[in-house]
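Okay, so here's the structure we're looking at.
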Amino acid sequence: MHSLSPTTTAKNDAVAPLQPLLDLITNLLSVLLLSSLTVRSFVGRWQILRTKLVSLQSSLSSISDSPHWSENPLLHTLLPSLLSTLQRLKALSDQCTLSSFTGGKLLMQSDLDISSTSLSNHLRDLDLLIRSGVLHQSNAIVLSQPGPGSDKQDLVLFIKDLFTRLQIGGIEFKKKALESLLQLLNEEEKSAGLVAKEGNIGYLICLLDFHYQGLIREQAVLALSIVVSANDESRKIVFEEGGLGPLLRILETGSMPLKEKAAIAVEAITTDPENAWAISAYGGVAVLIEACRSGSVTTQSHAVGAIRNIAAVEDIKTALAEEGAMPVLVQLLSSGSIIAQENAVNCIAVLASSGEYFRVLISQERGLQRLMHLIQDSSSSIVTVENALRAISSFSQSDSTARILSSSTAFIIQLGHFIKKGNIVLQQTSSSLLGSLPISDGNKRAISSCTGSLVKLMECPKPVGLQEAATQAVVSLLTVRSNRKELVRDEKCVMRLMQMLDPKNEAVNKKYPVMVAAALLSGGSNGCRKRLVAAGAYQHFQRLAEMEVPGAKKVLQRLGVNRLKSIFSRTWRE
Numbered sequence: 087m088h089s090l091s092p093t094t095t096a097k098n099d100a101v102a103p104l105q106p107l108l109d110l111i112t113n114l115l116s117v118l119l120l121s122s123l124t125v126r127s128f129v130g131r132w133q134i135l136r137t138k139l140v141s142l143q144s145s146l147s148s149i150s151d152s153p154h155w156s157e158n159p160l161l162h163t164l165l166p167s168l169l170s171t172l173q174r175l176k177a178l179s180d181q182c183t184l185s186s187f188t189g190g191k192l193l194m195q196s197d198l199d200i201s202s203t204s205l206s207n208h209l210r211d212l213d214l215l216i217r218s219g220v221l222h223q224s225n226a227i228v229l230s231q232p233g234p235g236s237d238k239q240d241l242v243l244f245i246k247d248l249f250t251r252l253q254i255g256g257i258e259f260k261k262k263a264l265e266s267l268l269q270l271l272n273e274e275e276k277s278a279g280l281v282a283k284e285g286n287i288g289y290l291i292c293l294l295d296f297h298y299q300g301l302i303r304e305q306a307v308l309a310l311s312i313v314v315s316a317n318d319e320s321r322k323i324v325f326e327e328g329g330l331g332p333l334l335r336i337l338e339t340g341s342m343p344l345k346e347k348a349a350i351a352v353e354a355i356t357t358d359p360e361n362a363w364a365i366s367a368y369g370g371v372a373v374l375i376e377a378c379r380s381g382s383v384t385t386q387s388h389a390v391g392a393i394r395n396i397a398a399v400e401d402i403k404t405a406l407a408e409e410g411a412m413p414v415l416v417q418l419l420s421s422g423s424i425i426a427q428e429n430a431v432n433c434i435a436v437l438a439s440s441g442e443y444f445r446v447l448i449s450q451e452r453g454l455q456r457l458m459h460l461i462q463d464s465s466s467s468i469v470t471v472e473n474a475l476r477a478i479s480s481f482s483q484s485d486s487t488a489r490i491l492s493s494s495t496a497f498i499i500q501l502g503h504f505i506k507k508g509n510i511v512l513q514q515t516s517s518s519l520l521g522s523l524p525i526s527d528g529n530k531r532a533i534s535s536c537t538g539s540l541v542k543l544m545e546c547p548k549p550v551g552l553q554e555a556a557t558q559a560v561v562s563l564l565t566v567r568s569n570r571k572e573l574v575r576d577e578k579c580v581m582r583l584m585q586m587l588d589p590k591n592e593a594v595n596k597k598y599p600v601m602v603a604a605a606l607l608s609g610g611s612n613g614c615r616k617r618l619v620a621a622g623a624y625q626h627f628q629r630l631a632e633m634e635v636p637g638a639k640k641v642l643q644r645l646g647v648n649r650l651k652s653i654f655s656r657t658w659r660e
């Protein structure tokens, strides 16, 4: 981008008269337009120059027609530079109008080309200024920062003003414009979406280029990280303007402050699944892994967050494994910040659910042991525990891992604790594990106290699958005789079971309480049978058998046969 140096001081800018300068430029431009028709040398180049001079005349006319053009300090930079270009061009035209050109042709061609390029840059800058609309607003270029609650029109005007200064002004203008932009983004919540929509995000991305000063690049990255985190539309605009590639380059080679801001922006962009695939196209997988390995705490946290976002993309999963992501992710489980730990364990949970290949890679890094430690660590956040348990559930699909988990009394007791006092996510995952793991009778006895909580969970219609998971866990625990006796002694549990068996209760699929009743009677205990009959189970099962609920007839027979034996026994004694 062609940049122009600001005038020496703001004070001189404020007092320098622009009208005489514009008059001088206009007169010189008229002379050049006439002379361009009479040149005798390099006629082809002068035809191109004349076209640009005509466009320049139109742009200057538009500026002078704007009611507040003279109040715009950018013109204190643009107009003197433009006058200098036109004066050089006038000297060249004088040489080219001579009857015979005696100078160096190559040098003249070069000078004319340089002047043509300068004119193009001036035209572009003036066009940006005109299209921004700020010349129609009094003191637009020095508008005060819009305060909280400012209307949309004021914000849009201020944003256009900022980006005009960014694109036209020199280094100082850019710095001040970026400072104002960051102040606006930090103080006015709704401004980020408007900046994405009304500002020139493509140019803001250009400021990430390494030839710009470090402060400008740092401010630009920070501004982008705020804009891209605002909403879905802002994220889409930054991505479509090509922001991901430059941000990844900064994450790879920038200074620590730049890397931190770039990591925030990359994580935000990859939140959208439609953008996540592009990480691989830019070679970003290796960049993110390295940022997790050697970046600052902030960089690590957001880089692993980006990996979490892209881990669900099938092709990228393989790239993560090939680029060595597993050791880094497992290491972050114990050495990262709380946020990095949460993102890492979430990512591991996603990969562990993707197949045995990934589970083997994670296990080789002792990932399973670290996950088991996390769920028992009181300092772990609830999000970390939830995802760690979800990952462990995926590992349990392997027979060898299932045996390891089942043999750990501490782990089984922890599952019981989650069922009694955990949130609904932990309760469902723990129930599912208890129902599927080959737990020893000793460990089942150790968590007998959670049976009542499991029966209560059987009443919950949401989330989907909870009733089935709780039922399977109860049935598993009831294979132990002492657990069956303990359950039927719990009046609340028996009452809940009867309520679920009641044909009038449609909130629970009847197959679940029928399975529990069958498990209670499986050992042939007369005490369990008596307790169920006394609570009214026989009448419920008569109706359920008529409704052909799976398993109901078999339970009814057990209740009835034992009842008949009791009648015969009483009659014999009498």
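Residue numbers (our numbering): 87 to 660.
For every residue, glycine included, the Cβ atom is placed at its ideal position computed from N, Cα and C.
Here the structure is a predicted model, which means the values were calculated and not measured.
Check                                                                                                                                                                                        : Outcome
Quick check: the Cα distance between P153 and I302, rounded to an integer number of angstroms?                                                                                               : 32 Å
Between which two residues does the alpha helix (DSSP H) containing N158 stretch?                                                                                                            : N158 -> no alpha helix (DSSP H), and no H or E assigned at all.
Once you ignore the five residues that flank S141 on each side, which residues in its own chain have a CB closer than 7 Å to its CB?                                                         : L209
For S382, which residues of its own chain have a beta-carbon under 8 Å away from its beta-carbon, when the five flanking residues on both sides are left out?                                : M342, K345 and E346
Considering just the uninterrupted stretch of the alpha helix (DSSP H) at L519, what are its terminal residues?                                                                              : I510 to S522
Quick test of your reading: M412 and I448, contact by CB under 8 Å. State the CB separation rounded to the nearest angstrom.                                                                 : 6 Å
So R452 packs on V414, CB below 8 Å; how close in whole Å?                                                                                                                                   : Between V414 and R452 the Cβ distance is about 14 Å, and since that is not below 8 Å, they are no contact.
Please report the straight-line C-alpha distance between S534 and A605, rounded to a whole angstrom.                                                                                         : 15 Å
Who are the Cβ neighbours of I478 in its own chain at under 6 Å, not counting the five residues just before and after it?                                                                    : L457
Put M458 into one of helix, strand or coil per three-state DSSP.                                                                                                                             : helix
When you compare only the Cα positions, how much space is there between E304 and Q386?                                                                                                       : 18 Å
In the segment 383-426, which residue ranges form an unbroken alpha helix (DSSP H) of at least 4 residues, counting only runs that do not cross its ends?                                    : 383-396, 400-408 and 411-421
Out of curiosity, what's the CA-to-CA distance linking Q585 and N591?                                                                                                                        : 7 Å
Does DSSP put E451 in a helix, a strand or coil?                                                                                                                                             : coil
Under 8 Å Cβ to Cβ from A362, same chain only, skipping five residues before and after it: list those, please.                                                                               : T356, N395, I396, A398, V399 and I402
Just tell me which of S144, P159 and V125 has its CA closest to the CA of F187.                                                                                                              : V125
In this structure, how does DSSP classify T124 when only helix, strand and coil are distinguished?                                                                                           : coil
Going by Cα to Cα distance, which pick from R582, S568 and N429 is closest to C614?                                                                                                          : S568
Does V446 pass the burial test, meaning 16 or more other C-beta atoms within 10 Å, or should it be called exposed?                                                                           : exposed
Would DSSP call L309 helix, strand or coil?                                                                                                                                                  : Here residue 309 turns out to be Ala, not Leu, going by the sequence shown. Residue state, collapsed to three classes: helix.
Considering only the beta carbon of each residue, do Q482 and L519 sit closer than 8 Å?                                                                                                      : Going by the sequence as given, residue 482 is Ser instead of Gln. Cβ atoms of S482 and L519: closer than 8 Å.
So, is the C-beta of K640 closer than 8 Å to a C-beta in chain D?                                                                                                                            : This model lacks chain D altogether; it includes just one protein chain.
Near A172, which residues of its chain fall below 7 Å by C-beta distance, leaving aside the five closest residues on each side in sequence?                                                  : Here the sequence assigns Leu to residue 172, which means Ala is not the residue at that position. Answer for L172: I111, L114, L115 and L118, listed in chain order.
CA-CA distance, A282 and H162?                                                                                                                                                               : 29 Å
Do C433 and I393 have their C-beta atoms within less than 8 Å of each other?                                                                                                                 : yes
I'd like the list of long-range same chain contacts for N595, defined as Cβ closer than 8 Å, with 5 residues on each side in sequence excluded.                                              : Q553
By DSSP, does P359 sit in helix, in strand, or in coil?                                                                                                                                      : helix
Any idea what DSSP makes of K578, helix, strand or coil?                                                                                                                                     : helix
Sort S206, M544, A389 and S202 by Cα distance to A430 and report the nearest one.                                                                                                            : A389
Closer than 8 Å by C-beta to I227: which residues in its own chain qualify, once you throw out the five before and the five after it? Chain order, please.                                   : Unreliable positioning characterises I227 in this predicted model, as indicated by a pLDDT of 41, which lies under 50. The coordinate reading is nonetheless provided below. For I227, where only same-chain residues beyond five positions count, the Cβ hits under 8 Å are E157, N158, P159, L160, V220, D247, T250 and R251.
Is the CB-CB distance between Y368 and G331 below 8 Å?                                                                                                                                       : yes
Give the single residue among S277, S145 and F259 whose Cα lies nearest to the Cα of K238.                                                                                                   : S277
Can you find the residues in the same chain that come closer than 8 Å, C-beta to C-beta, to G646, ignoring five residues on each side of it along the sequence?                              : Y624
Three-state secondary structure (DSSP) at Y624?                                                                                                                                              : helix
Starting from the C-beta of A100, find all residues in its chain whose C-beta is less than 8 Å away, skip the five residues before and the five after it, and write them out in chain order. : Its pLDDT being 39, under 50, A100 is placed unreliably by the model, and nothing is read from it.
If you measure between the beta carbons of I498 and N529, is that distance less than 8 Å?                                                                                                    : yes
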